[in-house]
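2 protein chains.
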Amino acid sequence: MEKVNISEKLAQFTDYWNPRVVGELNEQHVKLVKLKGDFIWHHHENADELFLVIKGKITIHLRDRLVELEEGEFFIVPRGVEHKTAAENEAHIMLFEPKYTINTGNVQDKRTKDRLEQI
Amino acid sequence: MEKVNISEKLAQFTDYWNPRVVGELNEQHVKLVKLKGDFIWHHHENADELFLVIKGKITIHLRDRLVELEEGEFFIVPRGVEHKTAAENEAHIMLFEPKYTINTGNVQDKRTKDRLEQI
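From first to last, the protein sequence lines are chains A and B. For the first sequence, counting from 1, position 77 maps to 76 in numbering that gives the first Met the number 0; every step adds exactly one. For the second sequence, counting from 1, position 22 maps to 21 in numbering that gives the first Met the number 0; every step adds exactly one.
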């Protein structure tokens with residue numbers, strides 16, 4: 000039960016596509032992740048996923064459109080909906096999703112993180 | 000399934016202690032609320048509650064200590080824990096909590112909002 004300073008947490012790591020858990024409530028995790036480049040297409044069978052941009056800009060690719068997000072904007076990808084995140088330049092985001100949601104969803108990939116670090 | 004710009008949503012209302020729902024996922028609500036002054040002591044029997052400061056500063060009073068939060072900081076009040084939020088000057092916060100969580104928890108008050116507006 001300590002407060003979390005988002006900038007301080009983000010300063011603790013530099014790697015991309017490796018979400019850190021910074022909070023837990025109601026069977027949900029709050030995560031921070033740094034992005035650069037393109038992720039892979041995937042979906043989550045049983046998890047809606049909220050992406051809130053803390054720094055920079057990201058694009059969430061959906062099969063029928065692109066969602067461009069800037070600092071202070073969020074988007075919720077509903078369960079079952081295929082998506083791919085991308086960031087031309089380094090971006091920092093906060094995720095809110097059920098505990099144990101795997102970053103690559105239904106796909107196994109070299110960037111799959113099935114054991115998350117809590118910071 | 001539209002993106003949410005937090006500042007634009009906050010610009011749509013001016014009243015205090017009246018949370019607006021701006022997102023829904025995994026049986027949780029994302030809410031925005033403006034605070035000024037002191038709220039009432041209460042707890043939530045079955046809801047952990049996350050407070051993220053978007054603008055200004057708030058104090059979360061717990062029975063044994065104070066948690067001071069600035070912009071970019073969050074705190075999770077676990078279910079069952081008595082708390083009272085306060086803000087000397089106007090502050091804007093984002094809440095994450097289970098759907099249908101009532102702002103005054105176990106207490107009925109003139110500021111109880113049991114029907115929330117979605118914006």
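Note that beta-carbon positions come from the ideal geometry of N, C-alpha and C, so glycine has one too.
Counted as a single uninterrupted DSSP element, the beta strand (DSSP E) harbouring Leu-49/A occupies residues 48-54. In its chain, beyond the 5 residues on either side, Trp-16, Lys-83, Thr-84 and Ala-85 have a beta carbon closer than 7 Å to the beta carbon of Phe-38/B. Lys-30/B has its alpha-carbon roughly 12 Å from the corresponding atom of Val-52/B. Annotation for Leu-9/A: no beta strand (DSSP E) segment contains it, though the alpha helix (DSSP H) segment containing it runs 5-9. By the neighbour-count criterion, in which 16 or more other beta carbons inside 10 Å mark a residue as buried, Asn-88/B falls on the exposed side. Its Cα nearest to that of Asp-14/B, the residue Lys-35/B stands out among Asn-25/B, Lys-35/B and Ile-5/B.
Around the beta carbon of Ala-46/A, a 10 Å sphere encloses 16 or more other beta carbons of the protein chains shown; the residue is thus reported as buried. If you check the CB distance, Val-76/A and Glu-48/A come in under 7 Å. In this structure, Ile-59/B sits near Phe-74/B, with a CB-CB distance shorter than 7 Å.
For Asp-47/B, the chain A residues whose Cβ falls inside 7 Å of its Cβ are Leu-24 and Asn-25, in order along the chain. The beta carbon of Pro-18/B does not come within 7 Å of any beta carbon belonging to chain A, so the residue lies off that interface. The C-alpha of Ala-90/A lies about 36 Å from the C-alpha of His-42/B.
When C-alpha distances from Leu-24/B are compared across Lys-2/A, Val-20/A, Leu-94/A and Gly-22/A, the shortest belongs to Leu-94/A. Boundaries of the beta strand (DSSP E) harbouring Val-32/A: 27-37, taken from the DSSP string.
The DSSP-derived three-state label of His-43/B is coil. Taking Met-0/A as reference, the option from Arg-78/B, Trp-40/B, Pro-18/B and Val-32/B with the minimal CA-CA separation is Arg-78/B. No residue range can be given for Glu-69/B, since it is assigned to no beta strand (DSSP E) and is classified by DSSP as neither H nor E. Annotation: Ile-118/A is outside any beta strand (DSSP E) and is labelled neither H nor E by DSSP.
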